[in-house]
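Chains as they are written, first to last, in this note's numbering: chain A, 415 to 565; chain B, 83 to 398. In this text, a Cβ means the ideal position worked out from N, Cα and C, and glycines have one as well. Working notes, structure below.
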Amino acid sequence: MKLKVAGSNHLLLCSLLLFISCNLPKDPKSSWEKAKEVGLIVGVIENPPYTTKTENSFSGTEIAIINKFAKMNRLKVIYNIGNESDLIEKLEKYEVNLVIGGFDKKSVWSEKAGFTRPYDKQHVFLVPKGENKMLVKLEEFIYQNLENEKS
Amino acid sequence: MKNPEAFELPEHLVSKFEEAKKLEWITLAYLISTIILMYLVMGSSQAMKTAWLEDAMGLLPAISFLIASRFAYKKPNSEFPYGYHRAFSIAYLAGAVALFAMGCFLLIDSAISLIKAEHPTIGTIVLFGKQFWLGWVMILALVWASLPSVFIGYKKLPLAKKLHNKILYTDANTQKADYTTAFAAMLGITGLAFGLWWADSAAALFISFSVLKDGYTNLKTAVLDLMDRHPVHVDTQNNDDLVEGIRGVVTEWDWVLEADVRFREQGQVYFGEVFIVPINDVDITFEVEKGLKILEDYHWKIYQVTIMPVKSLSEK
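Structure follows, in structure tokens:
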């Protein structure tokens, strides 16, 4: 009898924790919520084979990853091509949600941007600083879909 | 005056001292585990960094106590005729300076991160094949950094009072209050979870204030002791009545007309002089020897006393 009570308490606690951990952390600047509304704005720095721009479409390994991520989360994707420093500045102003283009995990931008965990042990995506929900969503995707394939 | 024997604690305190040493070894092991754990999970959180450095500073009193306790009871010799009691005072000063400096650094560092509005980016960690937000893991690490600490602090506090040991007292007192800083850091990280980027730096600022305050109090106490002020109780910082007690005992002696005493702290024990205006026709050397014996047995803290017969007491 006692065991049963303890068990149900346990379950309650677990579901409470699960509930909390699903909804938190939040983004200070609501990047994730906005991406859900208007679409994921991705800054792209052309850097084959990770990112390539042709006529009016984007391709490359990282573009493929982002497309898959967006599809799984039912997000529209808006790609913005630009140069590195402009896009980092936009990232700092929370005008783009993500910057991609074959960034190394030891990239010099760590002062100005947040990094995801490497998706292939070496390359990362750049997220706006402090946008932890966006980061967690990306890292969940990376962990579940990419890291395991490589190892 | 003869060279005193190596200082020995009274029997009932020897076991306390051994217990204190054991507790400091436990503290050391525990703090090292905390420091490693916190380092692994601190990410880019300013509050975690501050709490981590605070814990690292917590090693100092434990280490100083253990080092000083090796020296403090060595026999006085021709090179160190007063013995090694000040080892505790020196260790205490060194620890206090370090704590104070670290407090200043942390305060500035945290203030800068608040002013620059740094948004801490905290990602995920994979533990046992599951993915968690690092912030939750930080909070768990902070629980480990606080609860045992409070327990150890409470264990050390009474020992420190009985042994009249300032390092031990400060160490116990800071550890006992450690939950406040851990709690502040937890609040900071919970704030982050709710999207309040400033909560982290604000918590860090609070923690640095507490480090700075501890540093300042210790520094003041350490300097005042080295300035040979009137001995005080370790906890209340009020004057120790022992000194007045001795004045009372001495003036009671039938060969004493007037007397004045002064004492200073040397680590755990007191050194001092007794100035006596004797009545006429008294065997001074005999009475002084007798007096010294009485004072020696008066209290264990009264360690080295000189009795000085004088014609009159100087005006203060």
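Between the region 283-295 of chain B and the region 207-219 of chain B there are fewer than three C-beta pairs closer than 8 Å, too few to call the two in contact.
Within its own chain, the residues whose Cβ lies closer than 7 Å to the Cβ of Thr263/B, once the five positions on either side in sequence are excluded, are Ala133, Glu136, Ile289 and Ser292, listed in chain order. Interface residue (Cβ-Cβ distance to chain A less than 7 Å): Ala281/B is not classified as such. Fully enclosed alpha helix (DSSP H) runs of no fewer than 4 residues occupy 475-486 and 498-506 of the region 458-520 of chain A, in order along the chain. Between the region 509-518 of chain A and the region 536-546 of chain A there are three or more C-beta pairs closer than 8 Å, enough to call the two in contact. The CB of Gly544/A comes closer than 7 Å to the CB of His201, Pro202, Thr203 and Trp279 in chain B, given here in chain order.
The C-beta separation of Val325/B from Val343/B comes to about 6 Å, placing the pair in contact by the 8 Å criterion. Three or more Cβ pairs closer than 8 Å define a contact, and the region 444-453 of chain A meets that threshold against the region 542-556 of chain A.
Take the alpha-carbon of Phe483/A and the one of Ala199/B: they are about 30 Å apart. Assigned with DSSP and collapsed to three states, Gly354/B falls in strand. Within its own chain, the residues whose Cβ lies closer than 8 Å to the Cβ of Leu105/B, once the five positions on either side in sequence are excluded, are Ile234, Lys237, Lys238 and Leu241, listed in chain order. Pro442/A is bridged by DSSP to nothing; it lacks a bridge partner. Phe276/B belongs to the set of residues whose beta carbon lies under 7 Å from a beta carbon in chain A. Under DSSP, Gln348/B shares a beta bridge with Val351/B. Residue range Ile384 to Pro391 is occupied by the beta strand (DSSP E) that includes Val387/B. Judged by DSSP in its simplified three-state form, Trp215/B adopts strand. Ranked by Cα distance from Leu377/B, the first of Phe345/B, Trp107/B and Ser394/B is Phe345/B. For Trp134/B, there are no neighbours in chain A by C-beta distance under 9 Å, as the nearest C-beta there is about 19 Å away.
Our two residues, Lys383/B and Lys520/A, have alpha carbons roughly 60 Å apart in a direct line. Between Gln558/A and Gly205/B, the alpha-carbon positions lie close to 15 Å from each other. Three or more Cβ pairs closer than 8 Å define a contact, and the region 365-381 of chain B meets that threshold against the region 323-339 of chain B.
Scanning its chain for C-beta atoms nearer than 7 Å, with the 5 sequence neighbours on each side dropped, one finds around Thr475/A the residues Pro463 and Tyr464, in chain order. For Thr206/B, the enclosing beta strand (DSSP E) stretches over residues Thr206 to Leu209.
Going by C-alpha positions, Glu451/A is about 9 Å away from Lys490/A. For Leu306/B, the uninterrupted alpha helix (DSSP H) segment begins and ends at Trp280 to Leu308.
In terms of Cβ geometry, Tyr533/A and Leu560/A form a close pair [threshold 7 Å]. DSSP lists Phe357/B as the beta-bridge partner residues of Asp342/B. Under the criterion of beta carbons closer than 8 Å, Gly177/B and Ser127/B do not qualify as touching, at roughly 26 Å. Between Lys393/B and His381/B, the alpha-carbon positions lie close to 28 Å from each other. Annotated three-state conformation of His424/A is helix, per DSSP. Its chain contains Val232, Gly235, Tyr236 and Leu239 as the residues whose beta carbon lies nearer than 7 Å to that of Lys258/B, once the 5 sequence neighbours on both sides are disregarded; these appear in chain order. Considering only Asp282/B, Ile197/B and Lys244/B, the residue with the shortest C-alpha distance to Glu93/B is Lys244/B.
Apart from sequence neighbours up to five positions away, the residues of its chain that approach Ala154/B with a beta-carbon distance below 6 Å are Tyr166, His167, Ala169, Phe170 and Gly349, ordered along the chain.
DSSP, reduced to helix, strand and coil, places Asn320/B outside both helices and strands of the structure shown, so it counts as coil.
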